[in-house]
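Only one structure is covered here, and it is reproduced in the block below.
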Amino acid sequence: MKNSRWLAALLLVLVAGCTLAQSAKQDGASPEYQLRTVALGLEYPWSLAFLPDGRMLVTERPGRLRIVGTDGALSRPLYGVPAVFAQGQGGLLDVVLDPAFERTHWIYLSYAEADAFGKAGTAVARAVLEAEGLSQVEVIYRQTPKAGGGAHFGSRLVFGRDGTLFITQGERYTHRAEAQDLSTDYGKIVRINPNGSIPLDNPFVRDAKVRPEIWSYGHRNVQGAAINPATGQLWTHEHGAKGGDEINRPEAGKNYGWPIITWGVDYDGSKIGEGTEKPGLEQPLHYWTPSIAPSGMAFYTGNAFPQWRGNLFVGSLKFGFLDRIELDGERVIAEHRLLTELRERIRDVRQGPDGFIYVLTDSPAGQLLRLEPKR
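Each residue of the sequence shown is one higher than the one before, counting from 32 in the working numbering.
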């Protein structure tokens, strides 16, 4: 009888242990990090930038720019933000600081801008950041021409090591064929100087038939960009259609294929273009099929997670995870899904000055979260 009771108790312990193990696996719990909530109450937050004093700037897609205090408190919306076209995927998008921010106080915003006829396109403005708002606001770039609809604006802003500004865009969805048309900005990554002028070493600057701001073309909808710290080169990712999300290393004057080649198909299952490869068109460094709907991109260089140094981080909107990507040079060798326990769309990911990893969740009750090493 005693042995029977002992065996029954042991069985209960084993069953409970298995249940706990299964729960941990399903929740996506990680032995490497713990998650902290930094700020709540953000409406569709899109981008994050760190100020030198420890505070942060956060954009909300409906058109608000806020400061997040070191205690996580949200400021009132800052005044002076340009009017945005907040329809569909449009609105207030990226925010970055000028490389010489402590001297200039300039910040740069990308957003969807409408014209008097209701058409819209990606635009970039710079402004001086003050205590409660923006001053000296000037538009330094406008996608040409504008188009109807509310899809595929991009847009990330990245300063190169030479001080020029890369602007990623989309082909506005209904104009995908024009991603190949060098007389328009649809589906192009452009490169300008911080004041909006055109760098003299842009690849098409001497061709009167090509828009001089164009850096690379044949892109679909680029919502992630970062400078690779090991090489100083621009890396981006873009949305495919049904499959075929890509990571690229855009180079001056090169054609990345959309919509002539793609690793995806159209939303109705039909074929797009001519296949997956064609001479003269660039192949991605990596692609996802099925699509993960990527947004946000950051290379990790910090000390908080030394085991992750050199990894690339990308948010997934479709499946709600943070993709930790191991690299061997430019080759993806492994992917790890983090934050699956949240079941939240990940809009942006950034490395903070403290070496922690910060993410924004894309929802009407969006959050700013921080990954820290598990104590």
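Where is the CB? At the ideal position from N, CA and C, for every residue including glycine.
In the three-state DSSP reduction, Glu366 falls in the strand class (E or B). Closest in alpha carbon position to Trp246, among Ala335, Ala239, Ser326 and Glu282, is Glu282. The shortest CA-to-CA distance from His183 to any of Arg173, Pro310, Tyr217 and Leu160 is the one to Tyr217. The C-beta distance from Val99 to Leu400 rounds to 12 Å, too long to fall under 8 Å, and the pair is not in contact. With 16 or more other Cβ atoms from the protein chains shown falling within 10 Å of its own Cβ, Ala154 counts as buried. Distances from the alpha-carbon of Ile303 to those of Gly284, Leu312, Gly275 and Arg280 put Gly275 closest. The DSSP-derived three-state label of Glu133 is helix.
Ile388: member of the beta strand (DSSP E) spanning Ile388 to Thr392, first to last residue. By the criterion of a C-beta distance shorter than 7 Å, Trp339 is surrounded in its chain by Tyr331 and Arg355, once the five residues flanking it on both sides are discounted.
C-alpha of Leu343 to C-alpha of Ala256: approximately 11 Å in a straight line. Of the candidates Thr320, Phe387 and Pro395, the residue whose Cα lies closest to the Cα of Thr293 is Thr320. Scanning the region 250 to 307 from its first residue to its last, no whole alpha helix (DSSP H) run of 4-plus residues comes out. Judged by DSSP in its simplified three-state form, Thr371 adopts helix. Contact check for Gly152 against Val253 fails: the beta carbons are separated by 8 Å or more.
In chain order, Val69 and Ala70 place their CB closer than 7 Å to the CB of Gly103, counting only its own chain and leaving out the 5 sequence neighbours on each side.
Minimum Cα-Cα distance from Pro130 among the listed residues Gly194, Asp299 and Trp289 corresponds to Gly194.
Under the criterion of beta carbons closer than 8 Å, Glu91 and Tyr75 qualify as touching, at roughly 6 Å.
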